[in-house]
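S.K.:
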Amino acid sequence: MQQERFSLDSDFKLENTYISLPELFFSRQLPSLVPTPQLVLFNKGLASEISLPESFFTTEKGLAFLCGNQLLKESIPIAQAYAGHQFGYFSTLGDGRAILLGEYVTPSGQRLDVQLKGSGRTPYSRRGDGKAALGPMLREYIISEGMHALGIPTTRSLAVVTTGERVYREQPLEGAILTRLAQSHIRIGTFQYTYRFGSTKDLQDLADYTLSRHFCSTTSIDNPYLYLLQEVIQRQAKLIAKWQLVGFIHGVMNTDNILLSGETIDYGPCAFMDTYDPHTVFSSIDTEGRYAYGNQPKMAGWNLARFAETLLPLLHENREKAILLAQDAISDFGRQYQNYFLNGMRAKLGLYTEDEQDPSLINCLLNLMQRYNADYTNTFYRLTTQNLSDMDLFNSNDFKEWYQAWQARLTQQGTSKEAVTSLMMQSNPAIIPRNYRVEEALDAATQHHDYDVLKALLQVITKPYDYNKIDEAYMHTPHTNGCNYRTFCGT
Ligand code: AMP
Ligand code: MG
1 MQQERFSLDS DFKLENTYIS LPELFFSRQL PSLVPTPQLV LFNKGLASEI
51 SLPESFFTTE KGLAFLCGNQ LLKESIPIAQ AYAGHQFGYF STLGDGRAIL
101 LGEYVTPSGQ RLDVQLKGSG RTPYSRRGDG KAALGPMLRE YIISEGMHAL
151 GIPTTRSLAV VTTGERVYRE QPLEGAILTR LAQSHIRIGT FQYTYRFGST
201 KDLQDLADYT LSRHFCSTTS IDNPYLYLLQ EVIQRQAKLI AKWQLVGFIH
251 GVMNTDNILL SGETIDYGPC AFMDTYDPHT VFSSIDTEGR YAYGNQPKMA
301 GWNLARFAET LLPLLHENRE KAILLAQDAI SDFGRQYQNY FLNGMRAKLG
351 LYTEDEQDPS LINCLLNLMQ RYNADYTNTF YRLTTQNLSD MDLFNSNDFK
401 EWYQAWQARL TQQGTSKEAV TSLMMQSNPA IIPRNYRVEE ALDAATQHHD
451 YDVLKALLQV ITKPYDYNKI DEAYMHTPHT NGCNYRTFCG T
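In our numbering, the protein residues as written are 1 to 491.
#1: Looking only at its own chain, which residues have a Cβ that is under 6 Å from the Cβ of Ser27, when we skip the five neighbours before and after it?
#2: Assuming Asn16 and Gly102 make a contact with CB atoms under 8 Å, what is their CB distance in whole Å?
#3: Between Pro107 and Pro153, what straight-line distance do the alpha-carbon atoms span, to the nearest angstrom?
#4: Is the distance from the Cβ of Tyr293 to the Cβ of Thr275 below 8 Å?
#5: What are the start and end residues of the beta strand (DSSP E) that includes His85?
#6: Short check: CB of Gly198 to CB of Leu24, under 8 Å?
#7: Between Ala98 and the rest of its own chain, which residues show a CB-CB distance below 6 Å, the 5 nearest in sequence each way excluded?
#8: Sort out for me which residues DSSP pairs Phe65 with in a bridge.
#9: Since Asn468 contacts Ala271 with CB under 8 Å, what's their CB separation in whole angstroms?
#10: According to DSSP, simplified to helix, strand and coil, what is Ala79?
#11: Exposed or buried, which one is Cys216 when buried takes at least 16 other CB atoms within 10 Å?
#12: What residues come near the ligand MG, if near means a beta carbon less than 6 Å from any of its heavy atoms?
#13: If you count every other CB in all the chains shown that lies within 10 Å of the CB of Thr190, and 16 or more means buried, which is it?
#14: Mapping the DSSP letters down to three states, classify Asp113 as helix, strand or coil.
#15: With a floor of 3 residues, list each beta strand (DSSP E) that falls wholly inside the region 9-72, ordered by position along the chain.
#16: For Leu388, which residues in the same chain have their Cβ closer than 7 Å to its Cβ, ignoring the five residues on either side in sequence?
#17: Quick check on Asn339: buried or exposed, where buried means 16 or more other Cβ atoms within 10 Å of its Cβ?
#18: What is the C-beta distance between Tyr227 and Ile233, in whole angstroms, given that I count them as a contact (C-beta under 8 Å)?
#19: Can you tell me which residues form a DSSP beta bridge with Ala159?
#20: Helix, strand or coil, according to DSSP, for Glu320 in the structure here?
#21: Pop quiz: Ile142 and Val453 are said to be a contact at Cβ under 8 Å. What is the actual Cβ separation, rounded to whole angstroms?
#22: May I ask which residues mark the beginning and end of the beta strand (DSSP E) holding Leu259?
#23: Which value, in whole angstroms, describes the spacing of the CA atoms of Ser20 and Leu158?
#24: Residues in its own chain within less than 6 Å of Ile362 by CB, not counting five upstream and five downstream?
#25: Going by DSSP in three states, Asp375 sits in which element: helix, strand or coil?
#26: Return the first residue and the last residue of the beta strand (DSSP E) that Gly102 is part of.
#27: Return the bridge partner residues of Thr411 from the DSSP annotation.
#28: Any heavy atom of the ligand AMP closer than 7 Å to the beta-carbon of Val252?
#29: Any chance the CB of Ser284 is under 7 Å from a heavy atom of the ligand AMP?
#30: Going by C-alpha distance, which of Pro22, Leu203, Ala133 is nearest Glu170?
#31: Give me the DSSP bridge partner(s) of Pro172.
#32: Excluding the 5 residues preceding and the 5 following Met299 in the sequence, name in chain order all residues of the same chain whose CB lies nearer than 8 Å to its CB.
#33: Which runs of the alpha helix (DSSP H) fall wholly inside the region 301-375 and span at least 4 residues, in chain order?
#34: Under the DSSP definition of a beta bridge, which residues are partnered with Tyr89?
#35: Short of 8 Å in beta carbon distance, which residues of its chain neighbour Thr194, apart from the five on each side in sequence? Order them along the chain.
#36: Just grab the DSSP bridge partners of Phe272 for me.
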């Protein structure tokens, strides 16, 4: 019977190097069978980018693969074990509703996890049903593809299939499975799990595996585990700066949702900020504002400190010295983040050069945006296109004063107007996946099986910097104040 599940032939192979790790790290697990799968979204662009044969995925066999009813011959599906601090509290977790089918190696040598999300119970499901509802899987597809187009490292979405099953949340909902691709699914939580339940040898195996999968060969490096910590810190600093620069609010920056590869993962209660306000929170479960927009850098630092703790046994045999090394590395996160953020903001303002007054120029603008309830994305877009009307911010004398200072700074750097505009156009998206637009697309798809609204949205949000073809309808701010918008966990 099991043999029949592994019957698919295809032009591409899946490997599974993760199973070279001790069994502590995973459980072999087949996806649950689903009754009547249907392909509702397939990412042709992504498939062609990484040379996955579209012709396979649009057949019955492809559908059987994407819903987990059949697997490639010789593949070894697993669920991964991990732990995590959820809103500050440690829990033992693991893939409770996801199965790693294997790793696909692209022709250029990039190794990508192929994971089914929503494919049934696993040994880590706890009280959950292992399933996912259609709305949240479509949401992840939309936002992850939008993030990618914005130039932000992220897991990708290859397909969404409906399963023909009902899943029960507050109400019965249509079941669905998302096929997610990621550089890997190794999380801070994977290290926390190993630190808590494994031996130092297990920890070293995981660290070595992570180093060889994501970071260059370490044979010539003195302390490879310190290097691992430093590299992860750098990637987080870069990533969080990119989030801040487009107003992305993740919503659940728990340590189990932080990938060591530096990709964004798990688009549950995330959303993009409309009106600029560092206190913005969308998630209904984040009652304390732990993961508010303005708190994201601080929380990333907190998460990295949890990561550093797990590496202590590897950093130095003397614990005191290990702690000093870890503290030293962690204390650099803030500086690195500030640098990436500052340089990103300079680019948003068309600045090629550095001046010590830049932080104050930038903060002044941000404060004014907050005071005049200015839309974050549209403010930078309007500064780029020099269309400074119709917003309270632009009509204020405070802004006029700031504008003079900005213009003087631009003159001082001595670059052409064209060069300034070109840098600003590359750095300021005209379009972001606005929350009300995403909800509208999800409503049409889940309530009326109408995918046109969603596909139209995908068209525009996957070209966010294309100033020549802007559909202004997608630039409108929500009619109601965006701050009242709430998102819910993707379960
Ligand atoms: P998330 O909030 O999606 O990052 O998930 C946190 C943890 O809950 C992970 O271990 C998930 O695998 C698990 N989980 C979420 N939803 C379900 C579900 N429906 N069934 C089983 N486990 C789940
Ligand atoms: Mg998660």
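Where a beta carbon is used, it is the ideal one built from N, C-alpha and C, also for glycine.
M.R.: So, from the data block:
#1: Within the sequence shown, the letter at position 27 stands for residue 27. These residues qualify, in order along the chain: Ala79, Pro123.
#2: Locating residue 16 in the sequence shown gives position 16, where the first residue counts as 1. Locating residue 102 in the sequence shown gives position 102, where the first residue counts as 1. At roughly 5 Å, the Cβ-Cβ gap stays under 8 Å, so Asn16 and Gly102 are in contact.
#3: The residue labelled residue 107 in the question sits at position 107 within the sequence shown. The residue labelled residue 153 in the question sits at position 153 within the sequence shown. Approximately 20 Å, taken between the alpha carbons.
#4: What you label residue 293 is simply residue 293 of the sequence shown in a count that begins at 1. What you label residue 275 is simply residue 275 of the sequence shown in a count that begins at 1. No. Outside cutoff.
#5: Locating residue 85 in the sequence shown gives position 85, counting from the first residue. Segment 83-86, the beta strand (DSSP E) holding His85.
#6: To locate residue 198, count along the sequence shown from 1; it is residue 198. To locate residue 24, count along the sequence shown from 1; it is residue 24. The answer is yes: Cβ separation under 8 Å.
#7: What you label residue 98 is simply residue 98 of the sequence shown in a count that begins at 1. Taking Ala98 as the centre and dropping the five residues before and after it, the same chain places the C-beta of Gln115, Lys117 closer than 6 Å to its C-beta, in chain order.
#8: Position 65 of the sequence shown holds residue 65. For Phe65, DSSP assigns no beta-bridge partner whatsoever.
#9: As a working mapping, residue 468 is identified with position 468 in the sequence shown. As a working mapping, residue 271 is identified with position 271 in the sequence shown. That pair is no contact at about 28 Å.
#10: Residue numbering aside, residue 79 sits at position 79 when the sequence shown is read from its first letter. It is a strand residue.
#11: Along the sequence shown, one-based indexing puts residue 216 at 216. The residue in question, Cys216, is exposed, as its Cβ has fewer than 16 Cβ neighbours within 10 Å.
#12: Ordered along the chain, the selected set is Asp256, Asn257, Asp266.
#13: Within the sequence shown, numbered from 1, the residue matching residue 190 stands at position 190. Buried.
#14: Here residue 113 corresponds to residue number 113 of the sequence shown, with the count starting at 1. Asp113 falls in the strand class under three-state DSSP.
#15: Runs found: 26-28, 38-42.
#16: Taking the first residue of the sequence shown as 1, we reach residue 388 at position 388. Around Leu388: Arg382, Phe394.
#17: Along the sequence shown, read from residue 1 onward, the residue named residue 339 stands at position 339. Using a 10 angstroms sphere on the CB of Asn339, the tally of other CB atoms stays under 16, which defines it as exposed.
#18: Numbered from 1 along the sequence shown, position 227 holds the residue referred to as residue 227. Numbered from 1 along the sequence shown, position 233 holds the residue referred to as residue 233. Between Ile233 and Tyr227 the Cβ distance is about 11 Å, and since that is not below 8 Å, they are no contact.
#19: Here residue 159 corresponds to residue number 159 of the sequence shown, with the count starting at 1. In the DSSP output, where bridge partners are listed per residue, Ala159 has Phe42, Thr179.
#20: Within the sequence shown, numbered from 1, the residue matching residue 320 stands at position 320. DSSP places Glu320 in helix when its eight states are reduced to three.
#21: Residue numbering aside, residue 142 sits at position 142 when the sequence shown is read from its first letter. Residue numbering aside, residue 453 sits at position 453 when the sequence shown is read from its first letter. Not confirmed; about 11 Å, so no contact.
#22: Counted from its first residue, the sequence shown places residue 259 at position 259. Here Leu259 belongs to no beta strand (DSSP E), and DSSP marks it neither H nor E.
#23: Against the sequence shown, residue 20 aligns to sequence position 20. Against the sequence shown, residue 158 aligns to sequence position 158. Roughly 26 Å separates the two Cα atoms.
#24: Against the sequence shown, residue 362 aligns to sequence position 362. Same-chain partners within the cutoff: Met345.
#25: Here residue 375 refers to the residue found at position 375 of the sequence shown. The answer is strand: DSSP assigns Asp375 an E or B state.
#26: As a first step, residue 102 is located in the sequence shown; it is residue number 102 there, counting from the start. Start and end: 98-105.
#27: Start at 1 with the first residue of the sequence shown, and residue 411 comes out as number 411. Thr411 pairs with nothing; no bridge assigned.
#28: Here residue 252 corresponds to residue number 252 of the sequence shown, with the count starting at 1. Indeed, a heavy atom of the ligand AMP lies less than 7 Å from the Cβ.
#29: Here the question's residue 284 lines up with position 284 in the sequence shown. Between the ligand AMP and Ser284, a heavy atom-to-CB distance of less than 7 Å is absent.
#30: One-based indexing of the sequence shown puts residue 170 at position 170. Residue Ala133 is the option with its Cα nearest to Glu170.
#31: Position 172 of the sequence shown holds residue 172. According to DSSP, which records beta bridges pairwise, Pro172 is partnered with Tyr168.
#32: For this step, residue 299 is matched to residue 299 along the sequence shown. Answer for Met299: Met253, Arg290, Tyr291, listed in chain order.
#33: Runs found: 319-331, 333-348, 358-371.
#34: The sequence position of residue 89 within the sequence shown is 89, counting from 1. Bridge partners of Tyr89: Gln86.
#35: Residue mapping note: residue 194 aligns to position 194 of the sequence shown, counting from 1. Hits under 8 Å: Leu24, Phe25, Asp202, Leu203, Leu206, Thr310.
#36: Within the sequence shown, numbered from 1, the residue matching residue 272 stands at position 272. DSSP links Phe272 through a beta bridge to Phe248.
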